[in-house]
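K.L.:
This is the structure I have questions about; it appears just below.
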Amino acid sequence: MDWFASVSWTTICPITVDLAADDDVGIHQKKEAVSMSMHHEHASLSPNAHGTMQTRGGSGSFDQQITALNNQLQKLKEDKEKEFEANINQRETLKKKTSECNLLKETIEQMKEEIELKRVVDE
1 MDWFASVSWT
11 TICPITVDLA
21 ADDDVGIHQK
31 KEAVSMSMHH
41 EHASLSPNAH
51 GTMQTRGGSG
61 SFDQQITALN
71 NQLQKLKEDK
81 EKEFEANINQ
91 RETLKKKTSE
101 CNLLKETIEQ
111 MKEEIELKRV
121 VDE
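Residue numbers (full-length UniProt numbering): 1 to 123.
Shown next as structure tokens:
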């Protein structure tokens with residue numbers, strides 16, 4: 001722990017990275033080399049963020065991850081739609097039950113009035 005405290009954080013994780021420091025062939029030559037290797041390999045290729053190509057199936061796992069994420073997204077959308085429809089059905093059921101409850105309240109009030117009238121008449 002003392003070693004960690006004595007070392008500068010920027011030594012462990014430099015703030016900037018010199019991209020050209022390990023550039024043996026150069027960007028344009030890298031693309032050309034990849035193009036040449038494409039003639040000899042039959043792998044799934046897709047461009048990365050820098051416009052260069054990955055070879056030897058390097059993008060296959062990304063394609064699988066994207067497919068899996070798209071499938072998850074589709075399932076979430078379907079689940080959300082089902083939940084939305086269920087909420088609509090519950091709202092309709094609640095409205096019906098509320099109407100029934102209100103009708104029962106009115107009936108009870110009418111019955112109370114009739115009982116009160118009958119009690120007055122009987123006296």
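Even glycine gets a Cβ: it sits at the ideal position worked out from N, Cα and C. All figures in this text were calculated on a predicted structure; none of them were measured in a lab.
I'd like the span of the alpha helix (DSSP H) that includes E114, first residue to last.
P.N.:
60 to 122
K.L.:
Quick check: the Cα distance between M53 and Q64, rounded to an integer number of angstroms?
P.N.:
Because M53 sits at a pLDDT of 49, beneath the cut-off of 50, its placement in the model cannot be relied upon, and the point is left open.
K.L.:
With a CB to CB cut of under 6 Å and the five nearest residues on each side skipped, what residues in its chain are close to residue 124?
P.N.:
Past the boundaries of the shown model lies residue 124; the chain is included only from 1 to 123, so the question cannot be answered.
K.L.:
Among residues of its own chain, excluding the 5 on either side of N89, which ones have a beta-carbon nearer than 8 Å to its beta-carbon?
P.N.:
Take N89, set aside five residues on each side of it, and no residue of its chain has a beta-carbon closer than 8 Å to its own.
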